[in-house]
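Enquirer:
In our numbering, the protein residues as written are 4 to 460.
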């Protein structure tokens, strides 16, 4: 069930209405749990049993950890969660890689390949419960005693599939109190929901057509066509995930719950480090707190720690050598950036900052080639069309140019956050126009919906 589908809104509207109509807290939690389970099961109902099993196991493990503060208990809990993630997401990749190696060295025996099946959102909810177990061990949160409340924390549908990755200390306290209806928060949620929907359907799904055409067969691309397709994908990915995250925050606000924003105009970053402070913020913080710092952080072997962290971050996005290389490339870039002397302050001006932003953006775009290409060989071919002679040109679609200009305008500081625009402060006619436009987008594109990109992770 997608956020941009009729079936989702048929679930959402009665859930919101029932939630605010009752004043019993446990009933509200029950409504959120049932709605979340229906939302998840609608995609693939057998996966719901895995989700329920994960909820039950981590609830019990958290209660045991609260009593013992035991490292072995923590290691078992983390191992079980990561083992499920490894089996469903990486076992087939490892088997294929081992078999390819065996063929290379002339060994006939092959490793059995497990069936390919990826439960929706397993990467996100696995990281969420791993953080929960570690935080209990560290004493940063108390283990949740209510199974119902923990279940809602674990499977709250706005953030279940693709984040933001919400920490227990941020969400559980909100589930422990009876929320009062706040019209301003509710209308702000509607605005965020409409804004995210417009980004997804009106921007990302349109650019997807140009990006798919470019990456489908790089061999026939001209240099200009390859760059145009890459720009289309860069902004498609941004609008798609920004749209999802914005909708998630808006949906949570309809229930009076606050989720963290996940983006802050990342393509305006003038260093790669700054980019990762702006892009998928909750994932960057997760890797910092639960991998980079435990490895030693800046205290010892910081370059190695950074390279390991970014390589694993790349592998988290997908089971493939292209994702591993994508993360490794980001790690190398961050290490080089660390050891590059800063420019004198007298050189720091708007022109140089803009130039750095432009260079960082294009470096990120080049790495997106690895991220988007299904195979490393196809990525190499795309790089050839982008960077190596003969340099050829072709006519670029006027529609693509128009949409890319629109995406550039979305990077302007005045529009960097939907939170800066209060839906309720707009005039009533403008509110109705925006609401009607969002409804039109759903109606117009209901028959040609495209999955959110991060649903596959």
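C-beta: ideal position from N, C-alpha, C; glycine also. Since we're looking at a predicted model, the values are computed, not measured.
1) Thinking C-alpha only, which one of 399, 214, 323 and 365 is nearest residue 94?
2) Looking at residue 406 and residue 209, is the spacing between their C-beta atoms short of 7 Å?
3) Hey, quick one: how far does the alpha helix (DSSP H) through residue 52 stretch, first residue to last?
4) Which value, in whole angstroms, describes the spacing of the CA atoms of residue 180 and residue 255?
5) Span of the alpha helix (DSSP H) holding residue 75?
6) Which word fits residue 343, buried or exposed, when buried means at least 16 other C-beta atoms lie within 10 angstroms of its C-beta?
7) Less than 7 Å between C-beta atoms, sequence neighbours within five positions excluded: which residues of the same chain meet that for residue 300?
8) Would you report the Cα separation of residue 264 and residue 270, rounded to the nearest angstrom?
9) By the three-class DSSP mapping on this structure, what secondary structure does residue 314 have?
10) Hey, how far is the Cα of residue 10 from the Cα of residue 387?
11) Return the chain-ordered ranges of every alpha helix (DSSP H) run that is complete within the segment 153-208 and spans a minimum of 4 residues.
12) Whole angstroms is fine: what's the gap from residue 198's alpha carbon to residue 245's?
13) Quick one: measure Cβ to Cβ for residue 105 and residue 112, integer angstroms, because I've assumed they're closer than 8 Å.
14) Can you grab the Cα-Cα spacing for the pair residue 68 / residue 207, in whole Å?
15) Hey, is residue 44 close to the ligand NAP, as in C-beta under 6 Å from one of its heavy atoms?
16) Could you tell me the distance, in whole angstroms, from the CA atom of residue 411 to the CA atom of residue 51?
17) So what's residue 132 in DSSP terms, helix, strand or just coil?
18) Looking at residue 213: is its Cβ nearer than 7 Å to the Cβ of residue 403?
19) Whose CA, out of 366, 59, 31 and 380, lies closest to the CA of residue 178?
20) May I ask which residues mark the beginning and end of the alpha helix (DSSP H) holding residue 393?
21) If you drop the 5 nearest sequence neighbours on each side, which residues of the same chain put their C-beta closer than 6 Å to that of residue 174?
22) Find out if the Cβ-Cβ distance for the pair residue 397, residue 169 is shorter than 7 Å.
23) Are the CB atoms of residue 363 and residue 273 nearer to each other than 7 Å?
24) Do the CB positions of residue 268 and residue 414 come within less than 7 Å of each other?
25) Would you mind working out which of 259, 224, 334 and 262 sits nearest residue 392, comparing C-alpha positions?
26) Are the Cβ atoms of residue 456 and residue 292 separated by less than 7 Å?
27) Taking residue 80 and residue 98 to be in contact with their CB atoms under 8 Å, please state how far apart those CB atoms are, rounded to whole angstroms.
28) Could you give the uninterrupted runs of the alpha helix (DSSP H) lying entirely in the segment 281-359, keeping only those of 4 residues or more?
29) Measure how close the beta-carbons of residue 310 and residue 275 come, nearest whole angstrom, since I'm counting them as under 8 Å.
30) Pick from 192, 297 and 86: whose alpha carbon is nearest that of residue 257?
31) Residue 18 and residue 38 look like a contact to me (Cβ under 8 Å); what is the Cβ gap, rounded to whole Å?
32) So residue 45 is in the alpha helix (DSSP H); what residue range does that whole segment cover?
33) Counting along the chain, where does the alpha helix (DSSP H) carrying residue 265 start and finish?
Expert: Well, looking at it:
1) 323
2) yes
3) 48-71
4) 15 Å
5) Residues 74-88.
6) Looking at its Cβ environment, which holds fewer than 16 other Cβ atoms inside 10 Å, residue 343 is exposed.
7) 308
8) 16 Å
9) Three-state DSSP puts residue 314 in a helix.
10) Cα to Cα, the separation comes out at about 43 Å.
11) 160-163, 171-178 and 186-200
12) 10 Å
13) 7 Å
14) 43 Å
15) Ligands displayed in this structure: none; no statement on the ligand NAP is therefore possible.
16) Distance between the alpha carbons of residue 411 and residue 51 is about 40 Å.
17) helix
18) yes
19) Nearest option by C-alpha distance: 31.
20) Segment: none, residue 393 is in no alpha helix (DSSP H) and carries neither H nor E.
21) Within the same chain, residue 174 has close Cβ partners 156.
22) no
23) yes
24) yes
25) 224
26) no
27) Actually they are not in contact, since the Cβ atoms of residue 80 and residue 98 sit about 26 Å apart, beyond 8 Å.
28) You should have 284-290, 305-320 and 324-341.
29) Residue 310 to residue 275, Cβ: 13 Å. No contact.
30) 192
31) The C-beta distance from residue 18 to residue 38 rounds to 4 Å, short enough to meet the 8 Å contact threshold.
32) Per DSSP, residue 45 belongs to no alpha helix (DSSP H) and is neither H nor E.
33) Residue 265 -> no alpha helix (DSSP H), and no H or E assigned at all.
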